[in-house]
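See structure below.
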Amino acid sequence: MMGLASISSVTAVLIILGFVLIIVLNVNSLAFGAKETFDEVVVYLLDDTDEKQIEEMGKAFKKIDGVMEVSFQTKDYALEQLKKDLGDEAYILEDLKRNPLPNTYIIQLEDVSKSEYVEEKIQSFEGVEGIRYYDEAVDKLIKIADFIKKIGGWIILILLLISVFIISNTIKVTVLNRHKEIELMQYVGATNGYVRGPFMIEGIMLGFIGSLIAILIISFSYNYILNYLSDRYMMMMVGMSGYIVGIDMILKDLIIIFLTMGIGIGVLGSLISLKKFLSV
Amino acid sequence: MVRGVTVIEFCNVSKVYKKEFTAVKDINLKIQDGEFLFIVGKSGAGKSTLIKLLLREINPSDGVITYSGQNITKIKKRNVAKYRRKMGFVFQDYRLLPKLTVYENVAFAMEMICCDSKTIRREVPLVLSMVGLSDKAKYYPDELSGGEQQRVAIARAVINKPEAIIADEPTGNLDAETSKEIIKILTEINKRGTTVIMATHDMNIVNSCQKRIVELKRGVIIRDIKTRGCIDESKEN
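Which chain is which? The protein sequence lines are A and B, in order.
Positions 1 to 280 (the numbering used here) are the ones given, in order, by the first sequence.
Positions 1001 to 1237 (the numbering used here) are the ones given, in order, by the second sequence.
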């Protein structure tokens, strides 16, 4: 029973750690992605804007103070990009009678502090349907990421301490059950390493098994969540697909982190228990 | 080891617990190699404290204890195991492992510190034969009498060929007849050169076997008498 409690506590800590890590990585990735466009202003053009107007607008945009670079993206190019992003689901675009995406100008800012000025200038042009600029959203995303990191860190620390405590108690029960044998070993002249060895191995095994179970649960459940979200919120997921962290991207690192932490918890729990209860 | 040479020495040794209770005070005691020594006294006289000090289970509050000239209080914790291998221990309550057979209990002591299975298979039967339990090798402790269990404990104590045997009330749970058998075995072991230190409150045993007696009362040595030979031994001679 105690062994089961120990394994469960290690598994619980690592699952929570895993999900906190995944959330933080995803939020960081999204914030980074948003930050990449932070210094970009996307200008959507009206459909009836002719080529000559489009060209003149481009030249005028380049002259605005604070603009570093201007690039043009045709609606056809945008549609092709969208089809690529959708991948297997691109078939939903086959029945489109016309391309709903607009021609766009992507304006790279020299300095994000000039974003308001540039936006104002662009708004005044004829042919501009709308402007996309996510500075406030990016700020919020970064704040959310920081908050999650802090809270996650505290939760993990508390759970780690609980796990170490539970494993320490499990080992304590084993030590107490084998107290006579241990005492005899020490009288006979067995080294501390010889006496401690089996208990350390027990602690390591508890941590190892707990981490293996956590890895399996995290892998399957995260994949399931991503697939579920893809099915339900396809368009949103497509838009974010470049920034969502897939399980295959982090699995190797997760395995290393989990095994290290699981075994570490086991070893620490054993050491604490042995120090306290072996005294001859 | 050379007979007549001091192997264990207590020099002005005292042990005080919690700054209040003095278990032993100003103990000065030299034990020679190959000697057979009784430490006697009533319950609470300090016999077990002396044994624990010798085992390095506890450290003295004052004084120095040496073994073969080495100050044992200076031994680092990681080296205490190595020090204890010089001695074999026999306890009043035998301390056999109930889930192991007689053979396995004796072999346990060899497994802890050394020895391949071939050496163990060779040595254990020899020692069991010495204590007269060859035919009970496959028995479990709860299938043996008190005297037989103590003989197993003695076999376990000698299997690693220690320099000294420390016995703390080894006959405490045994009747008079069985106690004599145990003393006989310990005497045999002593004859082969092993120092034997036996703590006991059984004066019948002590008086019937005229070995050196160190008597403790309230933590202090009040008597140290050197004698020779057991009465039975002298009769045989």
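All C-beta atoms in this analysis are idealised placements derived from N, C-alpha and C, irrespective of residue type, glycine included.
Measuring from the CB of residue i, is there a heavy atom of the ligand HEM at a distance below 7 Å?
i        : result
A/Ser230 : Looking at this structure, you won't find the ligand HEM or any other ligand, since it has none at all.
Have a look at residue i and residue j and give me their C-alpha separation to the nearest angstrom.
i         : j         : result
A/Ile182  : B/Arg1085 : 15 Å
B/Glu1131 : B/Asp1062 : Looking at the sequence shown, residue 1131 of chain B is not Glu but Val. If you take the alpha carbons of B/Val1131 and B/Asp1062, they lie about 39 Å apart.
A/Lys290  : A/Gly269  : Summary: the structure shown does not reach residue 290 of chain A, with chain A confined to residues 1 through 280, and so no result is reported for it.
A/Lys75   : A/Lys52   : 16 Å
B/Pro1170 : A/Val173  : 30 Å
A/Gly197  : A/Val267  : 11 Å
A/Trp154  : A/Val27   : 18 Å
A/Gly264  : A/Tyr194  : 20 Å
B/Val1013 : B/Ile1051 : 13 Å
A/Gly127  : A/Lys149  : 44 Å
A/Asp231  : A/Glu89   : 10 Å
A/Leu222  : A/Ile247  : Correcting the residue type first, residue 222 of chain A is Tyr in the shown sequence and not Leu. Answer to the nearest angstrom: the Cα atoms are 7 Å apart.
A/Tyr243  : A/Leu226  : 13 Å
B/Val1188 : B/Gly1088 : The question names Val, but residue 1188 of chain B in the sequence shown is Glu. Cα-Cα distance, rounded: 15 Å.
B/Lys1184 : A/Met200  : 43 Å
A/Gly262  : B/Glu1035 : 55 Å
B/Gly1219 : B/Lys1074 : 23 Å
A/Leu46   : A/Glu129  : 5 Å
Here's the rule I'm using: 16 or more other beta-carbon atoms within 10 Å means buried, otherwise exposed. How should residue i be labelled?
i         : result
B/Gln1150 : buried
B/Cys1114 : exposed
B/Ile1154 : buried
A/Leu14   : buried
B/Asp1116 : exposed
B/Ile1222 : exposed
A/Pro100  : exposed
A/Asn103  : buried
A/Thr170  : buried
A/Phe147  : exposed
A/Gly87   : exposed
A/Met57   : buried
B/Glu1020 : exposed
So, does the CB of residue i fall closer than 8 Å to a CB anywhere in chain B?
i        : result
A/Asn177 : no
A/Tyr194 : yes
A/Leu271 : no
A/Ala145 : no
A/Tyr187 : yes
A/Lys275 : no
A/Thr191 : yes
A/Glu202 : no
A/Lys140 : no
A/Leu184 : yes
A/Lys180 : yes
Report yes if the C-beta distance between residue i and residue j is below 8 Å; otherwise report no.
i         : j         : result
B/Ala1107 : B/Val1124 : yes
A/Ser211  : A/Val20   : no
A/Arg132  : A/Val42   : yes
B/Val1090 : B/Ala1167 : yes
B/Ser1068 : B/Val1158 : no
B/Gly1041 : B/Leu1186 : no
B/Leu1174 : B/Ile1182 : yes
B/Lys1136 : B/Leu1126 : no
B/Pro1162 : B/Thr1119 : no
B/Ala1199 : B/Arg1156 : no
B/Lys1015 : B/Thr1049 : yes
A/Ile209  : A/Phe258  : no
A/Gly152  : A/Lys114  : no
A/Val245  : A/Ser29   : yes
A/Ile255  : A/Gly18   : no
A/Ser168  : A/Ser273  : yes
A/Lys142  : A/Ile16   : The identity of residue 142 of chain A in the sequence shown is Ile, whereas the question assumes Lys. Not in contact: A/Ile142 and A/Ile16 (Cβ atoms no closer than 8 Å).
B/Phe1038 : B/Arg1192 : no
Contact criterion: CB-CB distance below 8 Å. Does residue i meet it with respect to chain A?
i         : result
B/Met1198 : no
B/Ile1189 : no
B/Lys1074 : no
B/Leu1097 : yes
B/Ala1155 : no
B/Lys1082 : yes
B/Ala1109 : yes
B/Arg1212 : no
B/Arg1085 : yes
B/Arg1122 : no
DSSP has residue i in a bridge; who is on the other side?
i         : result
B/Cys1011 : B/Val1064
A/Arg132  : A/Val42
A/Val70   : A/Ile107
B/Tyr1017 : B/Phe1021
B/Leu1216 : B/Ile1221
B/Lys1077 : According to DSSP, B/Lys1077 bridges with nothing at all.
B/Lys1030 : B/Glu1009
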